[in-house]
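Report on the structure given below.
Given below as structure tokens:
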């Protein structure tokens, strides 16, 4: 009788752990799919930033915009690459750049 109780307890624990693992894997797969859909990638070439510190501050301000996922600034080439959720307006990004005395010489948008 003791062996059968132990067997059922161990079986229950194994089933419960496998349920948790499968639920977690399903949730992660679902989240990864959601992160890919509806993402815009904006590539802007700008001039007018005086120092690398200006570029870093601009990068931080862009990341402060609601919906912006990533932002990277290459001061040497004047290129900014921003990925944002659907609904982030390019005009808002441009306003932030102009506020930093940046002039946009090229702008491209890619939707994924």
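Residue numbers (the working numbering): 17 to 128.
Glycine is no exception: its CB is placed at the ideal position from the N, C-alpha and C atoms.
Owing to the predicted nature of the structure, the values given are computational and were not obtained by experimental measurement.
Going straight from the alpha carbon of residue i to that of residue j, what length do you get?
i, j, result
"residue 18", "residue 84", "59 Å"
"residue 72", "residue 121", "19 Å"
"residue 97", "residue 30", "47 Å"
"residue 90", "residue 56", "19 Å"
"residue 128", "residue 54", "6 Å"
"residue 124", "residue 68", "23 Å"
"residue 51", "residue 24", "Below a pLDDT of 50, predicted positions are generally treated as unreliable, and residue 51, at 47, falls in that range; the measurement from the model is reported next regardless. The alpha-carbon atoms of residue 51 and residue 24 are separated by roughly 41 Å."
Have a look at the options and flag the residue whose alpha-carbon is nearest the alpha-carbon of residue i.
i, options, result
"residue 93", "107, 86 and 59", "59"
"residue 113", "70, 101, 103 and 126", "70"
Would you mind giving the Cβ-Cβ distance between residue i and residue j, rounded to the nearest angstrom? I have them listed as a contact below 8 Å.
i, j, result
"residue 109", "residue 78", "7 Å"
Please confirm whether residue i and residue j have their CB atoms less than 7 Å apart.
i, j, result
"residue 118", "residue 81", "no"
"residue 99", "residue 86", "yes"
Could you tell me which residues DSSP pairs with residue i in its beta bridges?
i, result
"residue 88", "97"
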